[in-house]
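Numbers -20 to -1, 1 to 559, taken from mature numbering (1 follows the signal peptide of the UniProt record, and there is no 0), label the letters of the sequence shown in order.
From the three backbone atoms N, C-alpha and C, an ideal C-beta is built for every residue, glycine too.
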Amino acid sequence: MRRLGSTLVALLLTAGFLQACGTTSDQAADSGDDAFRRLAAEILDYTYRQNPSNATYLGIHTYDDRIPDYSAAAVTANVDAVKSYRARLDGIDAGSLTLDAQLDLEQIKHALDGMLLREQVIRPWAKNPDTYSSGITNDAYVMISRSFAPAEQRLRSLTSRLKMMPAALAHARKNLDDSPRIYTQIAIDQVDGNRDFFAHDVPAAFAGVKDPALLAEFGKANDAVVTALGDYKSWLENDLLPRSNGSFAYGAETYRKVLDADEMITTPLPDLLSVANEDLARNQKAFAEAARQIDPTKAPLNVLADVQKDFPPASDLLAVTQANLDSLAQFVRDRQIVDVPPAPPAKVVETPPFMRATTSASMDIPGPFEKVATEAYFNMTLPDPSWPKDEQDEFMSQWYRPSISNVSVHEAWPGHYLQFLYAKDYPSDVRKVFGATSNFEGWAHYCEQMMLDEGLHADDPRYRLAQVQDALLRDVRFIVGIKMHTEGMTVEQAQRMFVDQAYQPGPVAESEAKRGTSDATYGYYTMGKLAILKLRDDYRKALGDAFSLKAFHDAFVRIGPLPLPLIRKVMLGHTGDLF
């Protein structure tokens, strides 16, 4: 077979990309797209009703006065509904659809498969008590995190939600029957934070409301939730914990099915482990090399300890980070990394009190349908000013300057904030609601390495050291996620691997190992990054001299968060090998 010239390849790929973005309207009019789009819209509205809090986040405010139905009967009804929708999707003739709709059809099929796996096989509603206590916390959080409506209106909707929450915790007592001990212990450890959130942060969020009748109704409902959470903790400690003998491990078959449903990754697990171990070794070598460039007389971990001493005063952290975001945005523009849509800068703010215990940094971006509260915040956690200076300094060591840069690349430029800027214009509502985490997080993790490769802080190896340390953390997530759920690795063994192989401090290692018991496929950061690097190499080979890094990035982010095999289909015309 003759090799296509690069110009022809470029034309073919451009045509495929434009079709995937919905530009072939004449073809769409002659296809079966309309029937599929109607069914997709019906399914999306069903998901909004099933999960009103996610709808609130997305910017759909029709169901702001509701919470999910946490009853076992609702689980059964949901399984029946999802199976029905899945069968109707199977009745769609993919050959009658444009490429754009074909991609969405595959995406929504896999999303429903993932729902069924969670309801019927993984069963967090029957195994994980934190599903309920953190679930209702999120039901309230989305009502206070953004001012999408006047405070009185949001408080009225929240009060309606609060009234339903004690019943949700009552359903937990009926539903939980197969809990792993570690799940119950994590829920116990976190429930005081959930309770404090309702006792302190929720009332503080509505301090400006003056309506006495509304405040009284809210106060009564909120106090009932605080009491119910206290009772729930006692039940967890005295009833559920002694009989929590279940296993958190998915098993190999379920693990493979989850990867297929969520990410369309079908690579055999032994091969995935080989990919992960190879990347771990590569990054450990890069870590040692960066440390040698900084100070060849010291051991790499001692070099890291020295680098971590260069952190700004806590009082300056927000301003330093804001300046860093501004410089990163300028670098992206100057180096033609990716097209940046017009947008106000993300504002760096202190992490809200109720999030301090669980996050050090996060990007708070509005949902793709949000029309009012469209501001974006970069949350950063500061030390408690009442702590002794040595404790504050220890806390601030995580915010050493190269780390600030690496986290900012991931969360903002050109990571998640850039993705948010494109999300409003994704080709379909399906892609605004459903997405592959290996795409979303893989892109942000890919950007950490790519930005340094493109010259960011080129003369300062401290920044490479920070980037690689974060990459090592993600490599070990990849490995222990598979091994804990399919090979019998214990939580303690996973924790030790984070210390020994990813060079993480003990508290971080403990937190990461515990996370992996429920977030089983949290290797999606590295899976996604490596798949994007492979896609970029294949795209470069296909286009030859016509390849442009900016054009590659532009095409990738505009398509939306499809599973990466579908991204390959759009950009290359075939799926090929993912890694």
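How is Met343 classed by DSSP in three states: helix, strand or coil? Taking the sequence shown and counting its residues from 1, one reaches residue 343 at position 363. Of the three classes helix, strand and coil, the one that applies to Met343 here is strand, per DSSP.
Thinking just about the alpha-carbon of each residue, which of Arg126, Ser51, Ile23, Asp80 is nearest to the one in Tyr357? By one-based count along the sequence shown, residue 357 stands at place 377. Comparing Cα-Cα distances from Tyr357 to each of Arg126, Ser51, Ile23, Asp80, the minimum goes to Arg126.
Within its chain, find whatever has a CB closer than 8 Å to the CB of Ala229; leave out the 5 residues flanking it on each side and keep chain order. Here residue 229 refers to the residue found at position 249 when the sequence shown is read from its first residue. The residues are Met464, His465, Thr466, Gly468.
Would you grab the beta carbon distance between Leu77 and Phe16 for me? Rounded to a whole angstrom, and I think it's under 8 Å. By 1-based counting over the sequence shown, the position of residue 77 is 97. By 1-based counting over the sequence shown, the position of residue 16 is 36. About 6 Å separates the two Cβ atoms, so the contact holds.
Locate the alpha helix (DSSP H) running through Tyr380, then write down its first and last residues. The residue given as residue 380 occupies position 400 in the sequence shown. Per DSSP, Tyr380 belongs to no alpha helix (DSSP H) and is neither H nor E.
Answer with yes or no whether the minimum CB distance from Ala67 to chain D is below 8 Å. The structure shown contains no chain D, having only a single protein chain.
Alpha carbon to alpha carbon, what distance is there between Asn225 and Thr164? Looking up residue 164 in the sequence shown gives position 184. Looking up residue 225 in the sequence shown gives position 245. So the alpha carbons of these two residues sit roughly 10 Å apart.
Sorted by chain position, which residues of the same chain lie with C-beta nearer than 8 Å to Ala438's C-beta, five sequence neighbours on each side aside? Here the question's residue 438 lines up with position 458 in the sequence shown. So the list reads Leu432, once near-sequence residues are dropped.
Tell me, which residues are paired with Gly226 by DSSP? Counting from 1 along the sequence shown, the entry for residue 226 is found at position 246. In DSSP, Gly226 forms a bridge with Pro160.
For Pro541 and Asp370, the rounded distance between their alpha carbons: Mapped onto the sequence shown, residue 370 falls at position 390. Mapped onto the sequence shown, residue 541 falls at position 561. If I take the Cα positions, the gap works out to 43 Å.
Please look up how many angstroms separate the CB atoms of Leu142 and Ala201, rounded, as I've assumed it's under 8 Å. The residue given as residue 142 occupies position 162 in the sequence shown. The residue given as residue 201 occupies position 221 in the sequence shown. Indeed, because the Cβ distance is near 4 Å, the residues count as touching under 8 Å.
Quick one: Cα of Leu149 to Cα of Ala353, how far? Translated into positions along the sequence shown, residue 149 becomes position 169. Translated into positions along the sequence shown, residue 353 becomes position 373. Computed Cα separation, rounded: 31 Å.
What residue range does the beta strand (DSSP E) around Met360 cover? For this step, residue 360 is matched to residue 380 along the sequence shown. 357 to 360 is the extent of the beta strand (DSSP E) around Met360.
Let's test the definition: count the other Cβ atoms within 10 Å of the Cβ of Gly524 and tell me whether it reaches 16, buried, or not, exposed. Numbered from 1 along the sequence shown, position 544 holds the residue referred to as residue 524. Gly524 should be labelled exposed.
Spatially closest choice to Leu135 from Phe532, Asp286, Ala193, by CA coordinates: The residue given as residue 135 occupies position 155 in the sequence shown. Looking at the Cα atoms, Ala193 is the closest of the given residues.
For the pair the stretch 316 to 326 and the stretch 279 to 298, tell me if three or more CB-CB distances fall below 8 Å. no
Do Ile462 and residue 567 count as a contact pair if the criterion is CB distance below 8 Å? Here the chain covers residues -20 to 559 and nothing more, so residue 567 does not appear.
Opposing strand residues paired with Lys327 [DSSP bridges]: Along the sequence shown, one-based indexing puts residue 327 at 347. Answer is Tyr357, bridged to Lys327.
Threshold first: 4 residues or longer. Then list the alpha helix (DSSP H) segments lying entirely within the stretch 165 to 224, N to C. Correct list: 182 to 185, 192 to 215.
Thinking C-beta only, is Leu298 closer than 8 Å to Met244? Numbered from 1 along the sequence shown, position 264 holds the residue referred to as residue 244. Numbered from 1 along the sequence shown, position 318 holds the residue referred to as residue 298. Not closer than 8 Å, so no.
C-beta atoms of Ile547 and Phe559 nearer than 8 Å: By 1-based counting over the sequence shown, the position of residue 547 is 567. By 1-based counting over the sequence shown, the position of residue 559 is 579. No.
Starting from Ile274, follow the alpha helix (DSSP H) in both directions and report where the run begins and ends. As a position in the sequence shown, residue 274 is number 294, starting the count at 1. In this chain, the alpha helix (DSSP H) harbouring Ile274 covers 249 to 274.
Please report the Cβ distance between Ile168 and Glu217, rounded to the nearest whole angstrom; I am assuming they are in contact, meaning their Cβ atoms lie under 8 Å. Position 188 of the sequence shown holds residue 168. Position 237 of the sequence shown holds residue 217. Ile168 to Glu217, Cβ: 6 Å. Contact.
I need the straight-line Cα distance from Asp242 to Thr417, nearest angstrom please. Position 262 of the sequence shown holds residue 242. Position 437 of the sequence shown holds residue 417. Cα to Cα, the separation comes out at about 8 Å.
Extent of the continuous alpha helix (DSSP H) to which Asn304 belongs: Position 324 of the sequence shown holds residue 304. From DSSP, the alpha helix (DSSP H) with Asn304 extends over 297 to 314.
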